[in-house]
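Numbering (this note's numbering), first residue to last: -5 to 186.
Okay, here's the thing in structure tokens:
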């Protein structure tokens, strides 16, 4: 009997290969932690910088854990950034933008904070670098690339019928070429 979803190493794997359930689960877990610490955010004499450091260590780390290997759609990215913005506004006591007329970008700039999707992209690029640095016979590299090349293993097989879904590797290659300039520079710099 086939299962639709399986829990494996703290991550939900689904038969339809959609990562929406995993993102919703991560946001719910982070929101529960954020609400459990509400007395720290509202009644404490801690500075904003200390509160933001606590938020980053206790809430945001749980939110982004395990999301490095999935490829988010635009709506999922908005959901992730929206959760982060709600938390930051609550910590620094800025009302929602329709009341205060303070944009989310202004809140991030004021606190010199990085968007959640940018933090996630940095983690994804670190994961890609880790895979690129693995030796040829390593299982992580064998599951990702065609042996002897830096081309993704999925290119070897025929594509399924239907609309292609957004792929993690193609998205990371675009991000890496934006950072490094071209693929050869990315391969060269990934060894460092």
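Note that CB positions come from ideal geometry on N, CA and C, so glycine has one too.
Using 10 angstroms around the beta-carbon of residue 45, count the other beta-carbons present and answer buried if the total reaches 16, otherwise exposed.
-> Buried is the call here.
Leaving out the 5 sequence neighbours to the left and right, which residues in its chain are closer than 6 Å to residue 20 when beta-carbon positions are compared?
-> Taken in chain order, the residues that qualify are 57.
Output yes or no for whether 9 Å exceeds the beta carbon distance between residue 74 and residue 102.
-> Result no, Cβ atoms of residue 74 and residue 102 do not sit closer than 9 Å.
Buried or exposed: residue 195, going by 16 or more other Cβ atoms within 10 Å of its Cβ?
-> Because the chain in this structure spans residues -5 to 186, residue 195 falls outside the shown range and cannot be described.
What number of angstroms, rounded off, separates the C-alpha of residue 170 from the C-alpha of residue 32?
-> Looking at the two C-alpha atoms, the distance is approximately 38 Å.
Alpha carbon to alpha carbon, what distance is there between residue 124 and residue 140?
-> Looking at the two C-alpha atoms, the distance is approximately 16 Å.
Indicate whether residue 16 and residue 64 have their beta-carbon atoms separated by less than 9 Å.
-> Cβ distance < 9 Å, so residue 16 and residue 64 count as in contact.
Within this structure, are the beta carbons of residue 48 and residue 40 separated by less than 9 Å?
-> Cβ distance < 9 Å, so residue 48 and residue 40 count as in contact.
Roughly how many whole angstroms lie between the Cα atoms of residue 91 and residue 142?
-> Spanning the alpha carbons of residue 91 and residue 142 requires a straight line of approximately 52 Å.
Since residue 28 is in the alpha helix (DSSP H), which residue starts that stretch and which ends it?
-> 14 to 30 is the span of the alpha helix (DSSP H), which, as asked, contains residue 28.
Determine the closest residue to residue 164 out of 110, 89 and 66, with distance taken between C-alpha atoms.
-> Looking at the Cα atoms, 66 is the closest of the given residues.
Could you give the residue range of the alpha helix (DSSP H) that holds residue 109?
-> Per DSSP, residue 109 belongs to no alpha helix (DSSP H) and is neither H nor E.
Between residue 62 and residue 70, what straight-line distance do the alpha-carbon atoms span, to the nearest angstrom?
-> Using only the alpha carbons, I get a separation of about 14 Å.
Which of helix, strand or coil does DSSP assign to residue 173?
-> It is helical.
Report the rounded CA-to-CA distance for residue 138 versus residue 38, giving the unit in angstroms.
-> Approximately 47 Å between the Cα atoms of the pair.
Express the C-alpha separation of residue 99 and residue -1 in angstroms, rounding to a whole number.
-> Straight-line Cα distance between these residues: approximately 37 Å.
Cα-Cα separation between residue 59 and residue 117, rounded to whole angstroms | Cα to Cα, residue 59 sits roughly 10 Å from residue 117.
Considering only the beta carbon of each residue, do residue 128 and residue 134 sit closer than 9 Å?
-> Going by C-beta atoms, residue 128 is nearer than 9 Å to residue 134.
Expressed to the nearest angstrom, what Euclidean distance is found between the alpha-carbon atoms of residue 112 and residue -3?
-> Using only the alpha carbons, I get a separation of about 34 Å.
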